[in-house]
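Report on one structure; see the data block that follows.
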Amino acid sequence: RKEVEQDPGPFNVPEGATVAFNCTYSNSASQSFFWYRQDCRKEPKLLMSVYSSGNEDGRFTAQLNRASQYISLLIRDSKLSDSATYLCVVNIKAAGNKLTFGGGTRVLVKP
Amino acid sequence: DTGVSQDPRHKITKRGQNVTFRCDPISEHNRLYWYRQTLGQGPEFLTYFQNEAQLEKSRLLSDRFSAERPKGSFSTLEIQRTEQGDSAMYLCASSLLGYEQYFGPGTRLTVT
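Residue numbers (the numbering used here), protein chains in the order written: chain A, 1 to 111; chain B, 112 to 223.
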């Protein structure tokens, strides 16, 4: 079983719609959580950290459920520029802060 | 540009040759990480440094791979006797005290 699992998609989303997807993690010692965005053949870029109480950044909302060991990302009012792969990432401080990535969820926003 | 930089951006080499990649982190960041990413997968951790000390190496890092960060600033990743399976994007990231990591543009290696 992979440490971080994501639905690879693609999620085909009409422009202006809302899309949400989850990822699950297996290590209960995971302490920090992030969503990174990766465009084709580019490096991952930090989208947002995920806090225990949930947090919002503009059109993006992230939630953490420690009991069920999953995190979610919701994108409202999708833009064409939101088309990308979204990487779920966990960090175990006791393991030197190395990041463990999921395989990514591909989102395609269409006009 | 004060972000993470990597050089070269692309490298094509023949099987059996040695290659070396360089990463320059964000200047005040004390931690530097190397990851490898293959098509359709998320990045996988290879190794990390805190200042000049290499603190962890993944089992993915075979004895053909070596990384250094001699003065706690830039880092190099060397692959000896390259194999076709080494073809991947090699990503470097840096962070301050283990907080959020910022990635460089990567070095895309193709072994023919």
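All C-beta atoms in this analysis are idealised placements derived from N, C-alpha and C, irrespective of residue type, glycine included.
In the DSSP assignment, residue 118 of chain B forms a beta bridge with B:133.
Residue 158 of chain B: member of the beta strand (DSSP E) spanning 155-161, first to last residue. Within the stretch 34-67 of chain A, the residues whose Cβ lies closer than 9 Å to some Cβ of chain B are 34, 36, 38, 41, 42, 43, 44, 45, 46 and 49, listed in chain order. Within the same chain, and ignoring the five residues on either side of residue 118 of chain B in sequence, the residues whose Cβ sits closer than 6 Å to its Cβ are 133. Below the 9 Å Cβ cutoff, chain A contributes 101, 103 and 104 as neighbours of residue 152 of chain B, in chain order.
Taking the Cα positions, residue 46 of chain A is about 13 Å away from residue 91 of chain A.
Per DSSP, the unbroken beta strand (DSSP E) holding residue 164 of chain B starts and ends at 164-168. The Cβ-Cβ distance between residue 99 of chain A and residue 89 of chain A falls below 8 Å.
By the Cβ-count criterion, residue 102 of chain A is buried, with 16 or more other Cβ atoms from all chains shown falling within 10 Å of its own Cβ. Its chain contains 26, 102 and 103 as the residues whose beta carbon lies nearer than 8 Å to that of residue 2 of chain A, once the 5 sequence neighbours on both sides are disregarded; these appear in chain order.
Short of 6 Å from the beta carbon of residue 200 of chain B, and not among the five residues preceding or following it, lie these beta carbons of its own chain, in chain order: 148, 217 and 219.
At least one CB atom of chain B sits nearer than 8 Å to the CB of residue 97 of chain A. According to the DSSP assignment, residue 57 of chain A belongs to the beta strand (DSSP E) that extends over 55-57. For a cut-off of 8 Å, the C-beta gap from residue 186 of chain B to residue 160 of chain B is around 6 Å, short enough to register as a contact. Counting C-beta pairs closer than 8 Å gives fewer than three between the stretch 206-213 of chain B and the stretch 173-183 of chain B, which falls short of the contact rule. Under the DSSP assignment, residue 67 of chain A falls outside any beta strand (DSSP E); it carries neither an H nor an E label. A Cβ of chain B is located within less than 8 Å of the beta carbon of residue 87 of chain A.
Cβ neighbours of residue 197 of chain B within its own chain (closer than 7 Å, five residues either side excluded): 190, 220 and 222.
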